[in-house]
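K.L.:
Numbering (this note's numbering), first residue to last: 119 to 685. Beta carbons: idealized from backbone N, C-alpha and C, even for Gly. Quantities reported herein were computed from a predicted structural model and do not represent experimental measurements. Take this structure first; my questions come after.
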Amino acid sequence: MKKRAQMILGVLIMLATFGLVGASDIKTVAVLPFEVHSSENIDYIRNGVWDMLISRISLSGKIEVTAKHKVLAALEKKKKTGLTPEDVLALGKRMKVNYVVYGSITKIGNSVSLDGKLLDIEANKSPVDVFSQSQGMDDVIPKISDFAKRIDYHILGQVPSTFGAPPAPVGPPVYGMAPQQPAGPAVSKDPEAIDALRTRQGTFTAVINPEFINAPQSIDRKGFWMSQRFDTEFKGMDIGDVNGDGQNEVVVIDVQNVMIYKKEGRTLKLLQKISGESYDQYLSVDVADVTGSGKKEIIVTSYNQGLLDSFVLQYRDGKYVKIAKDLRWFLRVIEISGTPTLIGQKMGIQMPFGSPIHEIVWEKGKFIEGKRMNIPEGLSVYGLMIEALDKDGPPRVVAIDSYDYLRVYEESKKLAEAPNTSVTLLQSLWKSDDVFGGSNNYFDLTPSQQQTARIQYKPYVNMRLLAYDVDKNGKKELIVVKNHSSVGRVFQNLRAFTSSEIYDLEWNGMGFVENWKTKRIQGYVADYQIKDIDNDGNPDVVLLVITSLDMGFSPKSTIVSYSLSTK
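Here it is in structure tokens:
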């Protein structure tokens with residue numbers, strides 16, 4: 119027995135040793151933002167090149183690319199522009215990486231030159247470089263991909279399967295040759311799609327690719343539409359007939375304004391702007407008839423220096439009036455058995471979203487707290503739905519928790535013992551292995567709230583969850599957004615979501631399984647809905663997409679929609 123234990127211990131030591139050796143084989147690469155030489159502002163090109171190189175060079179378990187924030191911190195300490203090769207070498211040693219990627223972008227008129235290098239820190243030489251001179255940015259994109267391919271080939275001695283064919287032999291730049299075409303699916307011929315990809319912010323950080331969906335026929339690829347760009351960061355969006363004209367409007371909020379638009383042709387036309395106070399911070403917006411009046415109201419959660427002062431707008435006599443204000447709840451509208459239901463949550467003392475969730479009902483001309491919802495404490499009203507996941511099954515609570523994991527809860531058949539309640543307790547049925555949602559929308563606690571709160575990070579407003587029967591089989595699927603950040607979710611107070619995917623998940627009785635997901639969308643999805651935005655009688659997948667959030671540049675907002683086929 120003792121001998122057997124010794125053998126097992128020896129095997130474990132060997133495995134641990136091999137694990138350490140394997141870990142040391144991972145090569146580290148720091149990608150620096152390329153220097154820009156141009157009379158015009160082309161920072162969007164630099165950011166696009168940066169993002170593309172990071173995503174293409176990185177390879178799980180083999181090549182690890184240093185996070186952007188660490189690179190920026192190292193550059194900030196250097197406090198120097200125009201880095202020489204000696205500066206890059208010193209920077210790489212200080213960051214303790216094996217390789218550094220750096221270079222420059224020069225744009226004169228329509229001519230664009232790209233000069234990129236890979237510096238081997240240990241050997242102090244540049245074994246891989248790329249030089250490209252072309253008319254327009256479209257010809258530069260494949261050069262960047264080729265550069266990343268050759269970097270991986272130099273480091274690994276082979277080309278990862280994500281790139282396809284091995285790189286071409288490296289030689290001096292040749293001019294006058296036809297440009298390489300980028301690998302991947304053909305670009306859509308839709309004129310709107312081409313315009314989207316060629317706009318100033320769209321060449322590298324395209325708001326959305328009209329061929330982005332890897333989905334069944336229920337997604338109508340021809341039904342793509344994208345609004346004009348807005349020079350502000352919208353925080354939330356919903357759709358509905360809010361002025362009684364029989365047509366759906368698009369309601370969006372930024373920090374202090376409610377704006378009501380209507381889709382007319384290719385653009386959104388502003389119908390009304392309702393401004394708040396300078397100290398207001400709007401967090402969410404919903405559109406639904408929550409008073410039983412037959413009119414759809416606009417429900418806004420507003421936060422003001424530690425105090426919730428939410429309100430509800432209704433269209434009366436040709437204008438929008440506040441039929442309720444100073445509401446002390448986080449508010450959200452969810453569908454329960456097909457009926458829009460307003461739910462609310464008071465600000466918690468130790469945790470902002472630590473209070474029980476109640477139905478909020480309209481009674482005698484005001485909103486009051488109704489029955490307590492059968493929802494576990496600690497969950498937020500945001501990132502929550504109550505839905506029967508099986509055709510004939512009971513409703514279940516589906517939620518995104520505070521760590522962005524999907525959870526499903528079911529009744530445990532035990533009554534709560536708290537005074538004046540008869541709530542059936544719920545138990546966790548399933549938890550996802552991967553994170554979903556992800557939000558840049560947060561609010562700051564006051565110093566006194568921070569002292570009493572159990573959390574030391576910023577409270578974030580979770581992404582909403584939606585259920586819809588996309589494939590028309592009588593069973594709803596979960597449509598959920600996954601936003602991606604270059605720094606992941608390790609740092610709760612540092613989030614910079616810059617790309618996203620949309621997932622269709624179906625419940626199989628034991629957990630959610632993936633039906634389909636979209637290709638990566640370059641942009642952060644701040645909100646989304648499945649409603650008829652263009653008033654053609656068919657539902658649309660509507661996304662509120664934010665771009666230019668990284669590097670501290672002014673964010674841009676765009677509304678994007680895809681028609682759902684009714685076949």
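Apart from the five residues on each side of it in sequence, which residues of its chain come closer than 6 Å, Cβ to Cβ, to residue 465?
P.N.:
Same-chain partners within the cutoff: 426.
K.L.:
Determine the direct distance from the alpha carbon of residue 263 to that of residue 502, and round the result to whole angstroms.
P.N.:
The straight-line gap from Cα to Cα measures roughly 39 Å.
K.L.:
Could you give the residue range of the beta strand (DSSP E) that holds residue 351?
P.N.:
That residue, residue 351, is in no beta strand (DSSP E); it is neither H nor E in DSSP.
K.L.:
Three-state secondary structure (DSSP) at residue 207?
P.N.:
Looking at residue 207 - three-state DSSP - the assignment turns out to be helix.
K.L.:
If you run the structure through DSSP and keep just helix, strand and coil, what is residue 307?
P.N.:
Residue placement at residue 307 is flagged as unreliable, the pLDDT there being 37, under the threshold of 50; the coordinate-derived value follows with that caveat. Residue state, collapsed to three classes: coil.
K.L.:
Do residue 150 and residue 215 count as a contact pair if the criterion is CB distance below 8 Å?
P.N.:
Contact: no.
K.L.:
With H, G and I counted as helix, E and B as strand and the rest as coil, what does DSSP make of residue 165?
P.N.:
Helix at residue 165.
K.L.:
Closer than 8 Å is the cut-off here; do at least three beta carbon pairs connect the stretch 447-466 with the stretch 390-397?
P.N.:
Output reads no: the stretch 390-397 does not touch the stretch 447-466.
K.L.:
Please give the ranges of any beta strand (DSSP E) in the stretch 453-515, keeping only runs that are unbroken, at least 3 residues long and fully inside the region.
P.N.:
Listed in chain order, they are 457-463, 475-481, 484-490, 502-506.
K.L.:
Between residue 360 and residue 367, which are expected to be in contact by the criterion C-beta below 8 Å, what is the C-beta distance as a whole number of angstroms?
P.N.:
With 8 Å as the limit, residue 360 and residue 367 qualify as a contact, their Cβ atoms being about 5 Å apart.
K.L.:
Does DSSP put residue 521 in a helix, a strand or coil?
P.N.:
Reduced to three states, the DSSP call for residue 521 is coil.
K.L.:
When the Cα atoms are used, what is the spatial distance from residue 646 to residue 236?
P.N.:
Roughly 40 Å between the two C-alpha positions.
K.L.:
Are the Cβ atoms of residue 152 and residue 221 separated by less than 8 Å?
P.N.:
Yes; because the gap between Cβ atoms is below 8 Å, this pair is in contact.
K.L.:
Mark residue 414 as exposed unless 16 or more other C-beta atoms lie within 10 angstroms of its C-beta, in which case mark it buried.
P.N.:
The residue is buried, with at least 16 neighbouring Cβ atoms inside 10 Å.
K.L.:
If I measure Cβ to Cβ from residue 377 and keep anything under 7 Å in the same chain, skipping five residues before and after, which residues do I get?
P.N.:
Closer than 7 Å at the Cβ level, and outside the excluded window around residue 377, lie 370, 388, 391.
K.L.:
Between residue 410 and the rest of its own chain, which residues show a CB-CB distance below 8 Å, the 5 nearest in sequence each way excluded?
P.N.:
Once the five neighbours on either side are set aside, the close Cβ partners of residue 410 are 480.
K.L.:
Cα separation between residue 201 and residue 650?
P.N.:
If you take the alpha carbons of residue 201 and residue 650, they lie about 52 Å apart.
K.L.:
Could you pull out every residue in the same chain whose Cβ sits closer than 8 Å to the Cβ of residue 120, ignoring the five residues on either side in sequence?
P.N.:
The pLDDT assigned to residue 120 is 48, lower than 50, so where the model puts this residue is not dependable; a value taken from the coordinates is nonetheless given after this. Here the set comprises nothing.
K.L.:
Measure the Cβ-Cβ separation of residue 266 and residue 213 and say whether it is below 8 Å.
P.N.:
No, Cβ-Cβ distance for residue 266 and residue 213 is not below 8 Å.
K.L.:
Over the uninterrupted beta strand (DSSP E) stretch that includes residue 185, give me the two end residues.
P.N.:
Segment: none, residue 185 is in no beta strand (DSSP E) and carries neither H nor E.
K.L.:
Where residue 459 and residue 453 are concerned, what is the direct C-alpha to C-alpha distance, given to the nearest angstrom?
P.N.:
When rounded, the distance between both Cα atoms is 6 Å.
K.L.:
Taking 6 Å as the limit between beta carbons, can you name the residues of its chain near residue 354, skipping five residues before and five after?
P.N.:
If we look at residue 354 and ignore the five residues flanking it on each side, its Cβ neighbours are 371, 402, 403, 645.
K.L.:
Within the continuous beta strand (DSSP E) that includes residue 444, where are the two ends?
P.N.:
Taken as a continuous stretch (DSSP letters only), the beta strand (DSSP E) holding residue 444 covers 437-445.
K.L.:
What are the uninterrupted segments assigned as alpha helix (DSSP H) that are 4 or more residues long and contained completely in the stretch 356-436, given in chain order?
P.N.:
Segments of the alpha helix (DSSP H) lying fully in the stretch 356-436: there are none.
K.L.:
Which residue's Cα is closest to the Cα of residue 97: 513, 555, 406, 423?
P.N.:
Nothing about residue 97 can be reported from this structure: the residues present for the chain run from 119 to 685 only.
K.L.:
Would you mind stating whether residue 618 and residue 600 have Cβ atoms separated by less than 8 Å?
P.N.:
Against a cut-off of 8 Å, the Cβ pair of residue 600 and residue 618 comes out as a contact.
K.L.:
Between which two residues does the beta strand (DSSP E) holding residue 588 run?
P.N.:
Per DSSP, residue 588 belongs to no beta strand (DSSP E) and is neither H nor E.
K.L.:
Output needed for residue 602: all residues of its chain with C-beta closer than 6 Å, excluding positions within five of it in sequence on either side, in chain order.
P.N.:
Around residue 602: 617.
K.L.:
Look at the alpha carbon of residue 494 and the alpha carbon of residue 343, and state the distance between them as a whole number of angstroms.
P.N.:
One C-alpha to the other measures close to 39 Å.
K.L.:
Helix, strand or coil: which one does DSSP assign to residue 619?
P.N.:
In this structure, residue 619 counts as strand in the three-state DSSP scheme.
K.L.:
Report all residues from its chain with a CB closer than 8 Å to the CB of residue 365; omit the five preceding and five following residues, and keep chain order.
P.N.:
Correct list, in chain order: 359, 380, 653.
K.L.:
So who's on the other strand from residue 222, going by DSSP bridges?
P.N.:
Its beta-bridge partners are 153, 233.
K.L.:
Along the chain, where does the beta strand (DSSP E) containing residue 676 start, and where does it finish?
P.N.:
Looking at the DSSP string, the run of the beta strand (DSSP E) that includes residue 676 is 674-682.
K.L.:
Once DSSP output is grouped into helix, strand and coil, what is the label at residue 639?
P.N.:
DSSP places residue 639 in strand when its eight states are reduced to three.
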